[in-house]
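Trainee:
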Amino acid sequence: MTKATNELVDRLSKFVDKNKYLILSGTMAVGKTYIASAIAMRCALPEYNSQGELPAGQEKFDVVTEIVPIHPSYFYEDFISGITIKTQNGQVDFQYEDKIFLKMLKAANRSWEHKESKKYFLILDDIGRGAISGILGDMLSMIEPHGNADYRVALRDGTQVWISPNVYIIATRSTTIEAIEQFNYGFFRHFYDYLIETDFSYMNDDVHLTFSDYDLSANAMYCRVKQLVSDNMRHRYQISSAEKSRYIIGHGIYKDNGISMVIKYQVIPLLKQYVRDNILNRTANTGICALQKLVDGKYSKDKTRADTNRIKLYKTGITAEIFKDEGMTHQPLVNLVSRIKEQGLIDDTDITNQIMFNPQVVIRKKAKINKVERTFPVPGYLYVERSSRDIYTYGTTVNKRGEAKRPRFFYSGSINDAISVDGIDYAVASEMQPGEYSRWYEDLDSGTEENERYSSSPNSIMFRILRSYYRALSKHYGEYLLEFPGDENIRRLKAYAEQEYRYLVSESRKLHPEISDEKDVNAKANNDFRDVIFGLTLFWKNIGDAIAVGGQTINVEGVYKVDGSKKYEEYSNAMETLGIHQMIMQGPPGTSKTYSAREYLKFVGKNENSSDILSDSELDSLQIKDYSAGGILSDWTKVNTQKTPKIAWDIVQFHPSYGYEDFVRGIEVSTIKNSTGGSSVSYDTVNKILGKMAEVAGRKEYKDTKFFLVIDEINRANLATVFGELIYGLEYRGRGVATPYTVDKSNKVNLPENLYIIGTMNTADKSIGGIDYAIRRRFLFFSLLPERNVILEYRKGLCNTAEEEKNQMEINEMAARLFDRVAELFNTENLNSEYYKDDVQIGHTYFLVSSQEQLYLRFRYQIIPILREYFKDGMFQFEIPDVDSDGWYGLLGCITGEIDINMDESKVKDIFDKLVKTV
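One rule links them: number in the working numbering = place in the sequence shown (from 1) + 36.
#1: Going by DSSP in three states, G288 sits in which element: helix, strand or coil?
#2: Apart from the five residues just before and just after S147, which ones in its own chain have a Cβ nearer than 7 Å to its Cβ?
#3: Is the shortest distance between the beta-carbon of T864 and the beta-carbons of chain C less than 8 Å?
#4: Figure out for me which residue from I703, S632, A326 and I179 has the closest Cα to the Cα of D251.
#5: Could you tell me which residues DSSP puts in a beta bridge with G431?
#6: In this structure, does DSSP put E593 in helix, strand or coil?
#7: Between which two residues does the beta strand (DSSP E) harbouring V14 extend?
#8: Can you tell me the Cα-Cα spacing of V746 and E217, whole angstroms?
#9: Let me check understanding here. Comparing Cα to Cα, which of K300, D98, L141 and V373 lies closest to V197?
#10: Would R814 be called buried (16 or more neighbouring beta carbons within 10 Å of its own) or exposed?
#11: Report the rounded CA-to-CA distance for Y490 versus T429, giving the unit in angstroms.
#12: Secondary structure at P494, three-state DSSP: helix, strand or coil?
#13: Pick helix, strand or coil for G449, following the three-state DSSP scheme.
#14: So what does DSSP say about D662, is it helix, strand or coil?
#15: Given that a residue counts as buried once 16 or more other Cβ atoms are within 10 Å of its Cβ, and exposed if not, what is R442?
#16: Can you list, in chain order, the residues of its chain with a C-beta nearer than 7 Å to that of Y532? Leave out the 5 residues immediately preceding and following it.
#17: Starting from K724, trace the beta strand (DSSP E) both ways and give me its first and last residue.
#18: Which residues mark the beginning and the end of the alpha helix (DSSP H) in which E421 is found?
#19: Restricting to runs no shorter than 3 residues, where is the beta strand (DSSP E) found entirely within the stretch 589-655?
#20: Note down the Cα distance separating F137 from I304, rounded to an integer number of angstroms.
#21: What number of angstroms, rounded off, separates the C-alpha of S510 from the C-alpha of Q390?
#22: With DSSP as the reference, identify every bridge partner of R312, one or two as the case may be.
#23: According to DSSP, which residues form a beta bridge with V243?
#24: Would DSSP call G173 helix, strand or coil?
#25: Within the continuous beta strand (DSSP E) that includes T101, where are the two ends?
#26: Assuming contact is defined by CB atoms lying nearer than 8 Å, are Y447 and A463 in contact in what I supplied?
#27: Take the Cβ of Y631 as the centre, count every other Cβ of all protein chains shown within 10 Å, and call the residue buried at 16 or more, exposed below.
#28: Rounded to the nearest angstrom, what separates A76 and I232 at their Cα positions?
#29: Less than 8 Å between the C-beta atoms of N255 and F236, yes or no?
#30: On the CB-based measure, 16 or more other CB atoms within 10 Å of its CB, does G615 come out buried or exposed?
#31: Using the Cβ count rule (16 or more neighbours within 10 Å means buried), how would you classify I579?
#32: On the three-state DSSP scale, how would you describe P305?
#33: Reducing DSSP to helix, strand and coil, say where D949 ends up.
#34: Using the C-alpha atoms, what's the distance from V311 back to R318?
#35: Is the CB-CB distance between G623 and S819 below 8 Å?
#36: Is N848 buried or exposed, if buried means 16 or more other CB atoms sit within 10 Å of its CB?
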């Protein structure tokens with residue numbers, strides 16, 4: 037908790053302690069629910085004692101907190117009291133019961149009468165999502181001020197309840213979304229409404245208001261996006277400051293860990309939606325594109341996007357002093373590699389490829405055993421698999437008396453010297469002799485030869501490790517600058533790294549011991565070389581440190597190569613890094629959204645030690661078939677009875693009639709046949725697909741299994757209604773959320789951390805409602821766009837013969853030409869300004885065919901009909917040319933309906949032939 041957050045919680049806790057009722061208002065992601073919970077916890081302290089002093093010996097008040105998420109389907113009968121429908125033995129039982137509010141109120145009243153030191157906090161989360169005055173009903177009068185009067189309300193059973201002094205109510209209200217109803221004055225007039233402004237000091241004590249154009253810190257991104265929204269707000273000169281602040285994206289989204297992922301998968305999709313919804317002017321697109329370039333380049337400053345999860349160190353905390361002191365045998369090598377990994381300026385792939393397994397650093401191909409030279413079955417590098425260490429031996433296997441003895445090992449057996457890569461332990465090259473020193477020669481700087489001859493002298497290998505390190509830095513900084521040439525800090529850092537390497541070369545040249553084989557002379561030279569390394573500056577700096585050079589300050593930061601081809605790995609990394617286990621794959625029709633959801637599952641379900649993803653049949657075997665306790669979860673578990681699966685999944689499709697009772701919990705009606713052949717109706721309160729998956733995922737035996745619920749067409753239903761109170765559960769995993777239905781004697785559903793949601797969303801479908809801004813921030817959005825290259829690569833390498841492959845490639849070229857012509861329809865000059873190309877351009881799957889005839893049929897019966905629907909919806913604004921030489925005129929005629937695709941088959945075929953013809 038930052039200083040600003042702590043001060044805010046303290047100030048509001050003092051107010052709540054005295055005044056009981058508080059509304060926390062604010063835009064999305066300013067921490068309203070977090071602050072409300074923090075206030076309840078803070079009020080346990082003895083200084084918040086307006087309800088009375090703590091008795092002697094008690095250090096804190098006991099605090100009971102109930103968080104109630106409000107949503108459109110939440111009513112008085114769910115909150116105060118009402119008829120509860122229960123099922124028992126297949127029969128419906130109607131009971132009038134107290135609900136959350138009355139249960140808490142009665143408990144608080146009893147506690148007060150018994151003079152207990154308890155406080156009861158009711159947190160009403162997101163009150164704008166429901167009709168709050170109707171939800172409170174006749175209880176609203178108790179909240180209103182009554183002076184010093186002890187105002188009580190009589191219940192239907194004759195008992196009376198009242199807001200005793202130990203009851204506190206905090207409500208949260210999002211200013212971003214429109215409230216379902218105008219708030220009742222009777223509700224508001226006794227509450228203090230506090231507006232939480234978006235302020236990055238709530239996230240970090242060290243806030244900067246100025247930053248470079250290439251600063252990728254959370255602080256810089258917060259300021260950059262806030263400015264973008266403020267400067268491009270529609271009618272910004274005519275609206276109030278309060279109205280402007282509604283759409284500022286709150287500070288809570290901007291996390292230091294994974295900030296580029298936050299921007300790429302949360303902020304940018306939201307900003308684009310602002311533009312679509314006319315909240316921001318189209319002028320915002322320039323700033324959005326600049327933001328996109330910062331986080332979507334081939335290189336990134338965000339370390340969370342780097343390849344940094346492959347290596348695990350057994351020896352950590354290497355400082356310059358430790359490196360200088362530990363000079364025996366191979367310890368300097370272990371310490372150098374550990375330091376490079378911990379510093380984090382280059383990624384794990386650089387460390388493995390350029391240092392650990394690089395023959396230019398060290399390679400061992402052969403050795404003598406009992407004076408007989410033998411070649412190793414696999415060359416050894418600076419590191420080899422620890423399990424294969426016994427291969428790399430030398431010396432003799434018998435002593436002078438002819439007795440057996442172990443030979444010497446080229447690689448260390450100590451686990452502290454090992455490094456784990458991709459879950460496999462690797463041993464470091466040992467037998468480095470401090471008494472051996474390789475004198476400088478100019479080819480040492482080139483790095484083109486394999487290092488076999490000088491493999492036992494420490495200085496040679498240390499130099500080569502550092503040579504690889506500095507070259508990797510220079511290469512990455514240089515390639516980053518090709519994308520971002522204006523980043524002066526990286527330019528200076530690159531120059532400094534290159535200068536430090538030249539210094540290392542220069543000092544190495546000077547260390548030229550006498551032409552002598554004396555060990556003490558060589559040992560001193562090795563020691564002097566370690567002193568040179570000890571004196572390096574950049575090498576011993578950490579990310580975020582500063583280097584002062586010539587009156588300027590250079591900030592130490594890394595740049596990392598981003599592999600855009602590994603999109604599923606990126607998706608998984610984003611979900612785990614940000615702790616957001618809900619994502620939506622969005623895109624226009626034909627962009628493989630549902631297919632991509634399956635491919636993602638095949639990726640996350642693969643064996644960690646294999647690069648091969650699951651097959652379709654393997655994935656199908658992991659689909660959940662039986663949710664019941666003791667049942668066989670899937671076909672996979674039927675075969676692997678003693679194991680738990682890595683993943684389990686299921687799929688559901690949303691539609692406009694889909695509701696809470698279909699998705700979370702509800703009453704299931706079934707018929708039961710009796711012995712006489714008759715039947716009776718049975719009613720059971722049951723979990724539906726989300727409730728069932730949450731229950732299974734929460735079982736102990738599946739704690740290491742990831743459960744995925746795929747929701748196809750997620751935006752076809754009203755998410756606030758379908759998820760209900762579980763919208764809160766998406767963000768606050770592991771907390772039980774009360775529901776209107778009781779299943780297995782519990783009315784709560786707990787969404788565990790190992791439950792993931794993958795939604796697919798058709799961005800071209802304007803007939804359905806969008807996802808409101810407050811809900812959007814709980815999801816990551818991954819855009820799937822039309823890809824021409826997918827068409828060109830279709831069935832490549834999968835054909836049975838070379839001739840078949842050649843024909844397929846020709847068909848792919850033809851399909852790609854048709855794709856290009858259709859894509860022209862979505863250029864700016866042809867598209868209505870209300871639509872965006874990325875939302876509506878039909879995707880590549882329409883063009884994946886195996887023959888020209890199939891492509892023609894796709895064109896006639898799928899592509900033209902969807903384009904015609906687009907035209908009728910007012911999406912296009914093109915002009916039809918007078919002359920048609922390339923099929924364009926005819927295509928537009930098919931779209932407008934001037935050409936009947938059912939009656940004028942010959943015309944349609946002629947148009948198709950012209951469109952796919954090679955120009």
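No residue lacks a Cβ here, since even glycine has one placed at the ideal position from N, Cα and C.
Mentor: By the coordinates alone:
#1: For this step, residue 288 is matched to residue 252 along the sequence shown. Looking at G288 - three-state DSSP - the assignment turns out to be helix.
#2: By 1-based counting over the sequence shown, the position of residue 147 is 111. Closer than 7 Å at the Cβ level, and outside the excluded window around S147, lie K154 and N202.
#3: No chain C is present in this structure, which holds just one protein chain.
#4: Walking along the sequence shown from the start, residue 251 turns up at place 215. Answer by Cα proximity: A326.
#5: Mapped onto the sequence shown, residue 431 falls at position 395. According to DSSP, which records beta bridges pairwise, G431 is partnered with I405.
#6: Residue 593 sits at position 557 when you count from the first residue of the sequence shown. In the structure shown, E593 sits in coil (DSSP, three-state: anything other than H, G, I, E or B).
#7: For the chain, the structure presents residues 37 to 955; residue 14 sits outside this window and is missing.
#8: In the sequence shown, counting from the first residue as 1, residue 746 sits at position 710. In the sequence shown, counting from the first residue as 1, residue 217 sits at position 181. Answer to the nearest angstrom: the Cα atoms are 33 Å apart.
#9: Indexing the sequence shown from 1 puts residue 197 at position 161. Selected option, being the one with the closest Cα: L141.
#10: Numbered from its first residue, the sequence shown carries residue 814 at position 778. That one is buried.
#11: Residue mapping note: residue 490 aligns to position 454 of the sequence shown, counting from 1. Residue mapping note: residue 429 aligns to position 393 of the sequence shown, counting from 1. Low per-residue confidence applies at Y490: pLDDT is 47, beneath 50, and the placement is therefore not dependable enough to give any value.
#12: One-based indexing of the sequence shown puts residue 494 at position 458. In this structure, P494 counts as helix in the three-state DSSP scheme.
#13: The count along the sequence shown starts at 1 and reaches residue 449 at position 413. In this structure, DSSP gives G449 a state outside helix and strand, which the three-state scheme calls coil.
#14: Within the sequence shown, residue 662 is the residue found at index 626, counting from 1. Coil at D662, not helix or strand.
#15: Looking up residue 442 in the sequence shown gives position 406. Per the 10 Å Cβ criterion, exposed.
#16: Within the sequence shown, numbered from 1, the residue matching residue 532 stands at position 496. Correct list, in chain order: L574, I583, V585 and I590.
#17: As a first step, residue 724 must be located in the sequence shown, where it is residue number 688. Counting along the chain, K724 falls outside any beta strand (DSSP E), and DSSP gives it neither H nor E.
#18: Numbered from 1 along the sequence shown, position 385 holds the residue referred to as residue 421. Run containing E421: none in the alpha helix (DSSP H); it sits in the beta strand (DSSP E), Y419 to E421.
#19: Counting only runs of 3 or more, we get 618-623.
#20: Taking the first residue of the sequence shown as position 1, residue 137 is located at position 101. Taking the first residue of the sequence shown as position 1, residue 304 is located at position 268. The alpha-carbon atoms of F137 and I304 are separated by roughly 40 Å.
#21: Indexing the sequence shown from 1 puts residue 510 at position 474. Indexing the sequence shown from 1 puts residue 390 at position 354. Using only the alpha carbons, I get a separation of about 13 Å.
#22: Stepping through the sequence shown from its first residue, residue 312 is reached at position 276. Paired residue(s): none; R312 is not in a bridge.
#23: Numbered from its first residue, the sequence shown carries residue 243 at position 207. Bridge partners of V243: none, in fact.
#24: Here the question's residue 173 lines up with position 137 in the sequence shown. Collapsing the DSSP output to three states places G173 in a helix.
#25: Numbered from its first residue, the sequence shown carries residue 101 at position 65. From DSSP, the beta strand (DSSP E) with T101 extends over D98 to P105.
#26: The sequence position of residue 447 within the sequence shown is 411, counting from 1. The sequence position of residue 463 within the sequence shown is 427, counting from 1. By the CB criterion at 8 Å, Y447 and A463 fall inside the cutoff.
#27: Here residue 631 refers to the residue found at position 595 of the sequence shown. With fewer than 16 other Cβ atoms within 10 Å, it is exposed.
#28: Taking the sequence shown and counting its residues from 1, one reaches residue 76 at position 40. Taking the sequence shown and counting its residues from 1, one reaches residue 232 at position 196. Approximately 17 Å, taken between the alpha carbons.
#29: Stepping through the sequence shown from its first residue, residue 255 is reached at position 219. Stepping through the sequence shown from its first residue, residue 236 is reached at position 200. Closer than 8 Å, so yes.
#30: Your numbering for residue 615 matches position 579 in the sequence shown. G615 is exposed by the Cβ-count criterion.
#31: Reading the sequence shown from its first residue, position 543 is the one you call residue 579. Exposed: under 16 other Cβ atoms inside 10 Å.
#32: Reading the sequence shown from its first residue, position 269 is the one you call residue 305. Residue state, collapsed to three classes: helix.
#33: Locating residue 949 in the sequence shown gives position 913, where the first residue counts as 1. D949 carries a helical assignment under DSSP once its states are collapsed to helix, strand and coil.
#34: Counted from its first residue, the sequence shown places residue 318 at position 282. Counted from its first residue, the sequence shown places residue 311 at position 275. Spanning the two alpha carbons is a distance of roughly 6 Å.
#35: Mapped onto the sequence shown, residue 623 falls at position 587. Mapped onto the sequence shown, residue 819 falls at position 783. Contact: yes.
#36: Here residue 848 refers to the residue found at position 812 of the sequence shown. So N848 counts as buried.
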